[in-house]
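Here is the structure we will look at, set down as structure tokens.
Residue numbers (the numbering used here): 35 to 273.
Take a look at the structure:
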């Protein structure tokens, strides 16, 4: 940016040709190129904002999916927790049935098939033992599933915290980019104002240069006329 005092000093202390040359050099400052570069910078900032927004949406989608998995695990754990209790009730009913009057009556009426009944009772005992083992294994499975659910919930919470930190960081980055965009817009507007001011000063100084040129031409013309008059007088005196 050149002040009016700089240009006036060139006009005052340099020749007309040097002044015009300096003004032409100052006019070669490419403000349009500067504005174009700032617009490119603004476009790159917009593209970065789009990438950050896409990353934030993907992170939110992962969080939602993880929450759905946790809810599904909770439902499975709840369903498994009720199954062993129902199985234990069924076992107790069967035990009560065979140990009650009905079971004894059946055994008395089929005393001639004692061996077979003993086998049946043995099978039933095996079934009872099997059911008890199944209950035990189901309880172990339920405990493992509960521990797995807790671990998954803990990991999910840790992942959620990490994602939240990333989201906060992305928000900070977006805010910073927005601030840079605003600052660049302010710089662009300032450069536009300075460019308009410089153009007006250049036009004004060109007008002054034209006036100086006209004055010099007038001075040359007067000097030339004076020289012609002096030559005419000298010739007249010689005659």
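Glycine residues also receive a C-beta, built at the ideal position from the N, C-alpha and C atoms.
Beta carbon of residue i nearer than 8 Å to that of residue j
i: residue 104; j: residue 186; result: yes
i: residue 194; j: residue 89; result: no
i: residue 197; j: residue 86; result: no
i: residue 200; j: residue 93; result: yes
i: residue 69; j: residue 259; result: no
Top-ranked residue by Cα proximity to residue i, from the options
i: residue 72; options: 89, 159 and 214; result: 214
i: residue 166; options: 133, 123 and 180; result: 123
i: residue 129; options: 139, 211, 158 and 153; result: 158
i: residue 217; options: 70, 231, 261 and 76; result: 76
i: residue 162; options: 127, 139 and 236; result: 127
i: residue 210; options: 107, 221, 80 and 250; result: 80
i: residue 110; options: 221, 131 and 178; result: 178
i: residue 106; options: 184, 249, 252 and 243; result: 184
i: residue 96; options: 160, 170, 139 and 191; result: 191
i: residue 67; options: 257, 268, 245 and 229; result: 229
With 16 other Cβ atoms within 10 Å as the buried cut-off, status of residue i
i: residue 254; result: exposed
i: residue 188; result: exposed
i: residue 61; result: In this predicted model, residue 61 has a pLDDT of only 48, less than 50, meaning its place in the structure is not dependable; the value taken from the coordinates is given anyway. Counting Cβ neighbours within 10 Å, residue 61 comes out exposed, since fewer than 16 surround it.
i: residue 99; result: exposed
i: residue 239; result: buried
i: residue 44; result: Low confidence applies to residue 44: its pLDDT is 38, below 50, so where it sits in the model is not reliable enough to give any reading.
i: residue 58; result: Residue placement at residue 58 cannot be trusted, given a pLDDT of 44 that sits under 50; the coordinates are not used to answer.
i: residue 270; result: exposed
i: residue 42; result: The predicted position of residue 42 is uncertain, since its pLDDT is 35 and thus under 50; no value can be drawn from it.
Residue i at chain C interface by Cβ criterion, 8 Å
i: residue 99; result: The question asks about chain C, but that chain is absent: this structure has only one protein chain.
Inset, instruction - Could you pull out every unbroken beta strand (DSSP E) segment of at least 3 residues lying fully inside the segment 187-211, listed in chain order? - result: Qualifying beta strand (DSSP E) stretches: none in this window.
Legend entry - Inside the segment 79-112 only - alpha helix (DSSP H) runs reaching at least 4 residues: With a minimum length of 4 residues, no continuous alpha helix (DSSP H) run stays inside the segment 79-112.
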